[in-house]
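In what follows, a single structure is set out as structure tokens and then discussed.
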Amino acid sequence: MTTKHPITECIETQLQQYLDDLKGTPPSDLYQMVLAVVEKPMLELVMQHAKQNQSLAAQYLGINRNTLHKKLAEHQLLK
Numbered sequence: 001m002t003t004k005h006p007i008t009e010c011i012e013t014q015l016q017q018y019l020d021d022l023k024g025t026p027p028s029d030l031y032q033m034v035l036a037v038v039e040k041p042m043l044e045l046v047m048q049h050a051k052q053n054q055s056l057a058a059q060y061l062g063i064n065r066n067t068l069h070k071k072l073a074e075h076q077l078l079k
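Numbering (UniProt numbering), first residue to last: 1 to 79.
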């Protein structure tokens, strides 16, 4: 039996709570909502960890620096 990553468990718990709170109302744009909720704080924390160095942050994230720049702009995180 494989052990779940703690982040996976957290997301599953919170997503289940969100769905339960809907009390049967169908969710709308769930995929985009989850991505937006997870992506912004992840970018903020990684940028802090990388001391605002976009090249280093992109390396940590495993994405291209231009992609990171675009995502930072989307979330209004450019300084």
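Glycine is no exception: its CB is placed at the ideal position from the N, C-alpha and C atoms.
task: Please report how far the alpha carbon of residue 68 lies from the alpha carbon of residue 54, in whole angstroms.
output: So the alpha carbons of these two residues sit roughly 7 Å apart.
* Could you tell me the distance, in whole angstroms, from the CA atom of residue 30 to the CA atom of residue 2? => When rounded, the distance between both Cα atoms is 27 Å.
Where residue 33 falls, given that 16 or more other Cβ within 10 Å makes a residue buried
Exposed is the call here.
With 16 other Cβ atoms within 10 Å as the buried cut-off, status of residue 73: The residue in question, residue 73, is exposed, as its Cβ has fewer than 16 Cβ neighbours within 10 Å.
Reduced DSSP category for residue 58 - H, G, I as helix; E, B as strand; rest coil
Note: residue 58 maps to helix in three-state DSSP.
* Given that a residue counts as buried once 16 or more other Cβ atoms are within 10 Å of its Cβ, and exposed if not, what is residue 36? -> With fewer than 16 Cβ atoms within 10 Å of its Cβ, residue 36 is classed as exposed.
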